[in-house]
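Enquirer:
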Amino acid sequence: MTFDPTINAGNLITIVLGVVIWTVTLAVAWTKFGGRMDMLEFRVGLVEDALGKIAAVLDKFSANEREVALLKQEVSALQVDYSTLHATVEGLRKGEGFIQNPRRSNIDGEYKR
């Protein structure tokens with residue numbers, strides 16, 4: 001095998017076309033890649049925004065959960081008050097308590113049920 005040092009126009013055209021084709025191919029590929037990276041960045045930004053909104057909603061849920069727990073405690077206290085009041089009224093109706101008279105057997109007095 002021998003080395004031929006002669007360069008002709010065909011060789012130059014082949015080299016120039018190869019470089020131009022590779023340069024254009026790389027430019028197109030880089031442009032498409034850049035566009036895809038921009039879309040990926042946009043989508044990741046949307047996902048981050050959605051996660052931020054979800055975190056805010058979860059904070060509100062936890063605050064609501066605390067409020068519901070407080071409301072349950074209040075209802076429980078009111079039920080205790082109600083049952084105490086009911087027992088007191090029932091005792092008064094039966095004549096137990098400060099309203100006692102031998103003539104009346106209940107708070108209704110002479111008007112029996």
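In this note's numbering, the protein residues as written are 1 to 113.
Virtual Cβ for every residue (Gly too), placed ideally from N, Cα, C.
Could you pull the start and end residues of the alpha helix (DSSP H) that K60 belongs to?
Expert: Locating residue 60 in the sequence shown gives position 60, counting from the first residue. Run containing K60: 9-93, per the alpha helix (DSSP H) assignment.
Enquirer: Using the Cα positions of G18 and W30, report the straight-line distance between them to the nearest angstrom.
Expert: Along the sequence shown, read from residue 1 onward, the residue named residue 18 stands at position 18. Along the sequence shown, read from residue 1 onward, the residue named residue 30 stands at position 30. So the two alpha carbons sit approximately 18 angstroms from each other.
Enquirer: Mark P5 as exposed unless 16 or more other C-beta atoms lie within 10 angstroms of its C-beta, in which case mark it buried.
Expert: Along the sequence shown, one-based indexing puts residue 5 at 5. Answer is exposed; the Cβ neighbour count stays below 16.
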